[in-house]
Amino acid sequence: MTRSAKLGHGLAGLACLLAVMEAVPRLGVVDPRFLPPASEILGALAAEVRTAALWTALGETIGGWALGLAIAFLTAVLIGVVIEVVPGLRAASHSTIEFLRPIPSVALIPLATLLFGASLGSTLLLVVYAAFWQVLIQVMYGVADVDTVADDTARSYGLSRWSRIRYVVWPTALPYIMTGLRLAAAVAFILTITAELVIGSPGLGLEIQLAQSSGAVATMYALVVLAGLIGIVVNLAVRMLERRVLAWHPSVRGEVTS
Amino acid sequence: GSGSSEGAGGKDKVTAGVIAIVDTAPIHLGKAKGFFDKQNIELAITPVQGGAAGISGAVGGQFQFAFGNVTSLLTAKEQGLPIKVVANGVSSTGEEGKDFSAVLVKEDSPIKTAKDLAGKKVSVNQLKNIGDTTIRASVRKAGGDPSQVTFVELPFPDAPAALQAGRVDAIWVVEPFVSQAISQGARPVAWNYADAAPNLTVATYFTTTKTDPDLVKRFTAAMNESLRYADAHPDEARDILKSYTKIDPAVIAKIVLPKWTTDINRESIQAIADAALGDGVLKQKADLGTLLP
Amino acid sequence: MTVIEDAPAPGAGRRASGAKGFGRTLLRVLGLPVLLIAGWWVFSVWSESFYVPTPPRIAQAFAETWFSRRLFDDALPSVARLLAGYALATVLGVGLGVPIGLSVRLRAAAEPVLEFFRAIPPPVLVPLIMLLAGIDNGMKILVIVSGCVWPILLNTVEGVRALDEMLSDTCRVYGVRGWSRLRHLVLRGASPQIMAGLRQALSIGIILMVISEMFASSSGLGFTIVLFQRGFAIPEMWSGILLLGLLGFGLSMLFRMLERRVLSWHWSHRA
Amino acid sequence: MLEVTGLKKIYETTGREAVGDLTFQLDAGELACVVGPSGCGKTTLLRCIAGLLAPTAGTIRVAGRPVTGPPDDMAVVFQEYGRSLFPWMTVQQNVELPLKEKKLPKARRAELIAESLVAVGLDDVPRSYPWQLSGGMQQRVAIARALAYEPQVLLMDEPFAAVDAQTRAELEDLVLRIWQRLGTTTLFITHDIDEAIYLGRRVIVLSSSPTVVVEDIKVDLPPERDQLTTRALHRFTELRGHVYAQIQRAKDAR
Amino acid sequence: MLEVTGLKKIYETTGREAVGDLTFQLDAGELACVVGPSGCGKTTLLRCIAGLLAPTAGTIRVAGRPVTGPPDDMAVVFQEYGRSLFPWMTVQQNVELPLKEKKLPKARRAELIAESLVAVGLDDVPRSYPWQLSGGMQQRVAIARALAYEPQVLLMDEPFAAVDAQTRAELEDLVLRIWQRLGTTTLFITHDIDEAIYLGRRVIVLSSSPTVVVEDIKVDLPPERDQLTTRALHRFTELRGHVYAQIQRAKDAR
Ligand SMILES: Nc1ncnc2c1ncn2[C@@H]1O[C@H](COP(=O)(O)OP(=O)(O)OP(=O)(O)O)[C@@H](O)[C@H]1O
Ligand SMILES: Nc1ncnc2c1ncn2[C@@H]1O[C@H](COP(=O)(O)OP(=O)(O)OP(=O)(O)O)[C@@H](O)[C@H]1O
Ligand SMILES: [Mg+2]
Ligand SMILES: [Mg+2]
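Chains as they are written, first to last, in the working numbering: chain A, 1 to 258; chain B, 1001 to 1293; chain C, 2001 to 2271; chain D, 3001 to 3254; chain E, 4001 to 4254.
Written out as structure tokens, the structure reads:
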């Protein structure tokens, strides 16, 4: 499938979504006062986009998101690989990981406000905590998926532990890690906005919360739509990265050949 | 610590954690009018999501001052948090039909008065807070059995839709949702703030015991001036809403403003505390002496 | 020169033999948690913070709060909703993920829409879900689904995309199509990735269980925690978080048992 | 039964021309062996016939119908035998899957599985998983799967590469037996020239790229083959020398 | 150089005894071929020597030191050549990786890569990925990787199974040349009896399970081997018949 055909399909999918969002309130399935039709939401979005406040808010959100994601990703990959590669460490850390992982980062809000207040620090704590696990689990599954013959080959040629991580373990885990990155990117984004919503650090979440508490329904949905659009952009970016780093992988090369 | 630091021109840099709702117009207006500058305070207002977040932030040292409703403050005090009220926040107008908080039902609902709320499902924004306490007061006052009311949590913005969809029998909301819901065909059956106590103090500004007393004094002065000014100039108060909320200007023109008085009504707070104790929201008899100035 | 190692894969834990083995297992399972608790203890004593109570205080609050009717009134309904939402998300995620993974066209069309919804934070989705599904259990289950479905869906799509071509060629040649291809090739081949997704979803489900109970609720584990938090009953709040962690731990243990069965072929030929 | 006309295949990713211009035919029930230098395009040819790869040019017909996807009633033994076995299925399940797909009754399936596993000498490991087997055993599972399927067209890509000389001889005779019994049209790719002559009624020699048919040799040996006597025939040695020379020529032509 | 004493290996998952009781020795610079029926434990033996599998009983020593992990300066060509190439690396990168690990300077690496790729006839595809190559080409990449490494001990598991007869002959001579130049101790597993005799100075015949050494045959052919003359020797034919009979016996003993 060519790039442009792909784009065409994607746009068609979005158009369908728009049509549904327009039709549902118009046909009276839900009250249009509480869920305005798509056209009205897009109108409100157009109005919002023209305000400077939105762009500062967006900047704050994306800044916090990117930083949090980067920290979470790097630490998770590092820790994940170390846990998998050092014998015995996985067994030792398993119970703790399984215990800490489901603790909702939302429940850490008091701790976050205590440590950092309504600042970037709080947002980061929540974002990093939530995104970290997403990547870590993917790394752990990916590392465990190393082909035995490939690993034997590496070992018999006397590749050091580090070389094996770099040349065998890492490429095997990469597809998993890319999925982890996509998951974590979304979760980090969600948490950035949630933190802004709940703690009140400045950003898109705060704007949503303001619109909500002001009863500005169309504006609220406009901002939500904006969040969704950002999600699409982020995904495109990760996909592009994926095409570069996973060119050899069946999931990517399959699309090129057939 | 007090966290305040010397800003430019020898001013104290102060951060206040304040919910971005109609109630807090005075502090925004006061800041715009320069009342805080006049007291050598360089004020930064940080929006927070709710009273609890304000209290956490103040105790955690992120804010020197914050805004919270009296039930939240009483609860926090009961748990031993070192907080202290410094100025009145917002008060009920005390007039039924012209207050900024109401319990609403659908137009065709069989519920006619607060008494009929018994046995029904009523939404409040937070359970075990000022909403259920004051609504129970309304029901009691109208001769109903307050213990028969079922409360569910529903954020103010989502309540009107739930009411129209018949998911709840009645909703409690504050402005701008009161005006909005009424314009969408809802009917008020109780004015819970007005019913709970005369001239009810709903929320106050507070600080922690660690804050420099001199700074507190100056903040109180500036805040009181702001409250007086806002109360005296409702049009300017409505105007300032446009700067920090996203309420539709058409709605802003219509909403009922609360009463912004400098008077902290100790009796009304005591009444709320007693009612909360009766309902089990509080566990001990409140000691207002250390909470209020 | 490296030593011959028998690195156990997840789910392929080697049976410990004898008392010494048991002791070592115990050390493995409890070692790090004990260290962490000790760290917390030191921190709580040192900081004297209101928000960081000491472990005994939390343990006391835990006993008082949860060894009571609360466990049945609040915790069990929450868990039931969690499981319902999780099951629904699994069906949806795998059900959508397989066709999307198999068809390049469908993937191209669906991906932007899915990414759009995926980027929307569940808390802001709640009002919409309330509009459509009311404020009762249905809404809460949907909120859980709205978050759980993504890791399952994404991993299913990726797992299906990465199927060994040799195996799908074999299926095509022998005329293995339709349902049987799905069962014998697609689902089994993608199962390692699907399992990774299910595992992710489990903890996200717990998070969303809490979030869903922050709205239009009057009971539930998450609601209780939020109530404690708003009421500044901090040790009780931590005890709730502890219970969440224990719940997650328990569920994840169950999950591991399931996984060990489903993926036995995978781990034994990988390890 | 099998017509390949002007087949050409260029791999798009690398732009490599794997097959240049191939034309040959197989009658129903014929058994032909394909030999050619390593990398000359034998596997590519087989994948095109199996309908797994779309040709760049030319057509392939199986039983008169043009191939657009895998034809019915065809079985393939892939060169990468290891990867073509399902790691999550036992030996028995691997052999059974295509039979299930054919909707054979259970009893018949059991019979076919047992028969074919005995034939390849794996009746003692039906419950093992592929990764618990040696390379040669895995390859024999793939062969058993193809034979149990009782196909009308059988494509085999170096199916005996991983087994020892004696087993190989046995398997060769097995293929001949089945071919004679069922009249399966068989295309057999091999590197072993002796094997090609022993098995094939025809030997198709391919050149290295651009791949064309260098020679299509009719094997004029008596139809009844026997490991000892057939291989000892003078004509056998002659043919072997001839094919060897052809491949050498095909390879050097590059 | 290589001592295998009382080696026994039972796979725990299935309880299968893959190797029964093996004892043999290789002097430094010796080249021995191992033959035996399919599934008799040749690969298992090789993996134990390579330090990838812990024996159930017995010891293995390489250069006097007991094997507990992969010994230094050893290269292995695995039977599953396809899976032993890293799909995320090009041919060139696959060959280069062990050399990098050996800390060879870049120029030397480039030299060795080019040399070994030319030797196996793959100098035209250094930038292809393994999955873009034919089976035989993949196998030759694995061979090139082992040869470029210039190991002291070389273990090869049916390394020429997937290449055509002529390439096979060339590769056999290549292995002999390199062995003579570097004095590499080489253990060569094969199913081709002719190949075993042509290459080996010794041929070790294994029985099927319980696996033991049936016979350790000294190949008393002239040291200088040549595809045409050596294979035509009367002694060659004799040895071939002998080994064939031994394997037959080993297999039938089961
Ligand atoms: N991972 C494993 N788990 C269990 N059994 C195994 C495993 N690998 C091999 N076996 C068994 O061990 C025996 C010897 O296997 P091995 O691979 O060593 O044979 P081989 O001599 O290399 O055969 P071939 O010539 O077919 O490659 C076989 O019976 C096989 O089933
Ligand atoms: N997926 C692919 N992408 C690009 N090129 C390929 C691909 N598969 C094979 N080729 C190329 O096509 C040519 C023919 O390959 P093919 O596998 O058909 O050879 P073969 O005759 O089967 O060789 P062998 O006897 O070694 O198995 C080779 O040059 C190979 O590099
Ligand atoms: Mg091939
Ligand atoms: Mg083997």
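Cβ atoms here follow ideal geometry from the backbone N, Cα and C, with glycine treated the same way.
Using a Cβ-Cβ cut-off of 8 Å (strictly less than) and excluding sequence neighbours within five positions of residue i, which residues of its own chain qualify?
i, result
"Ser-2017 (chain C)", "With a pLDDT of 44 at Ser-2017 (chain C), under the threshold of 50, the modelled position of that residue is not reliable, and the figure given next carries that caveat. Counting only Cβ-Cβ distances below 8 Å, and skipping sequence neighbours, we find nothing."
"Val-256 (chain A)", "With a pLDDT of only 40 at Val-256 (chain A), under 50, the local geometry of the prediction cannot be trusted, and no value is derived from it."
Under 7 Å Cβ-Cβ, which residues of chain B neighbour residue i?
i, result
"Ala-2075 (chain C)", "Going along chain B, no residue has its Cβ under 7 Å from Ala-2075 (chain C), so there is no contact; the nearest lies around 18 Å."
Taking Cβ-Cβ distances shorter than 8 Å, what residues in chain B pair up with residue i?
i, result
"Gly-200 (chain A)", "Gly-1017, Thr-1046, Pro-1047, Val-1048, Gln-1049, Ala-1053"
Can you determine whether any heavy atom of ligand 2 sits closer than 6 Å to the C-beta of residue i, and answer yes or no?
i, result
"Lys-3251 (chain D)", "no"
"Gly-4136 (chain E)", "yes"
"Ser-156 (chain A)", "no"
"Arg-3016 (chain D)", "yes"
"Ser-2168 (chain C)", "no"
"Cys-3033 (chain D)", "no"
Residues in its own chain within less than 7 Å of residue i by CB, not counting five upstream and five downstream?
i, result
"Met-2237 (chain C)", "Ile-2225, Phe-2228, Gln-2229"
"Tyr-4011 (chain E)", "Ala-4018"
"Thr-4056 (chain E)", "Lys-4008, Lys-4009, Ile-4010"
"Leu-2952 (chain D)", "The structure shown does not extend to residue 2952 (chain D), since chain D is modelled only from 3001 to 3254, so the question has no answer here."
State the start and end residues of the unbroken beta strand (DSSP E) segment that holds residue i.
i, result
"Phe-1957 (chain C)", "Residue coverage of chain C in this structure runs from 2001 to 2271, which leaves residue 1957 (chain C) outside it and unanswerable."
"Ala-4075 (chain E)", "4074-4077"
"Gly-1057 (chain B)", "No beta strand (DSSP E) contains Gly-1057 (chain B), which is instead part of the alpha helix (DSSP H) from 1051-1060."
So does residue i have its beta carbon nearer than 6 Å to some heavy atom of ligand 1?
i, result
"Ser-4084 (chain E)", "no"
"Tyr-4011 (chain E)", "yes"
Say whether chain H places a C-beta atom closer than 7 Å to the C-beta of residue i.
i, result
"Thr-219 (chain A)", "Among the protein chains in the structure shown, which are A, B, C, D and E, there is no chain H."
Using C-beta distances below 6 Å, list every residue in its chain close to residue i, excluding the 5 sequence neighbours before and after it, in chain order.
i, result
"Val-4163 (chain E)", "Gly-4136"
"Lys-1283 (chain B)", "none"
"Gln-212 (chain A)", "Met-220"
"Ala-2110 (chain C)", "Ile-2100"
"Gly-3183 (chain D)", "Gly-3029"
Can we count residue i as close to ligand 4, meaning its CB is less than 6 Å from some heavy atom?
i, result
"Ser-3207 (chain D)", "no"
"Thr-4043 (chain E)", "yes"
Just the chain A side, please: which residues come within less than 7 Å of residue i by C-beta, in chain order?
i, result
"Arg-2177 (chain C)", "Chain A residues near Arg-2177 (chain C): none, gap ~17 Å exceeds 7 Å."
"Pro-4087 (chain E)", "Trp-248"
"Lys-1246 (chain B)", "Leu-210, Ala-211, Ser-214, Ala-216, Thr-219"
Note down, in chain order, every chain A residue with its Cβ under 8 Å from the Cβ of residue i.
i, result
"Asp-4072 (chain E)", "Gly-158"
"Tyr-4129 (chain E)", "Trp-248"
What does residue i touch in chain B if you count any residue whose Cβ is under 9 Å from its own?
i, result
"Leu-2131 (chain C)", "Asp-1158, Ala-1161, Ala-1162, Ala-1165"
Can you give me the start and stop residues for the alpha helix (DSSP H) that residue i sits inside?
i, result
"Asp-4157 (chain E)", "That residue, Asp-4157 (chain E), is in no alpha helix (DSSP H); its beta strand (DSSP E) goes 4153-4157."
"Gln-1064 (chain B)", "Gln-1064 (chain B) -> no alpha helix (DSSP H), and no H or E assigned at all."
"Cys-3048 (chain D)", "3042-3049"
"Gln-3246 (chain D)", "3234-3252"
"Ala-1025 (chain B)", "1025-1033"
Which residues in chain C sit within 8 Å of residue i, going by Cβ to Cβ distance?
i, result
"Leu-3052 (chain D)", "Asp-2169, Arg-2172, Val-2173"
"Ser-3084 (chain D)", "Met-2166, Leu-2167, Asp-2169, Thr-2170"
"Tyr-3149 (chain D)", "Tyr-2174"
Give a single yes or no on whether residue i has its beta carbon closer than 6 Å to a heavy atom of ligand 6.
i, result
"Lys-3102 (chain D)", "In the structure on display, ligand 6 does not appear, and the ligands it does have are ligand 1, ligand 2, ligand 3 and ligand 4."
Please compile the residues from chain C whose C-beta is within a distance smaller than 7 Å of the C-beta of residue i.
i, result
"Thr-179 (chain A)", "Leu-2154, Asn-2155, Glu-2158"
Determine the chain E residues that contact residue i at a beta-carbon separation under 7 Å, and present them in chain order.
i, result
"Met-3137 (chain D)", "Ser-4038, Gly-4039"
What residues from chain E crowd round residue i, counting only those whose CB sits closer than 8 Å?
i, result
"Val-168 (chain A)", "Phe-4086"
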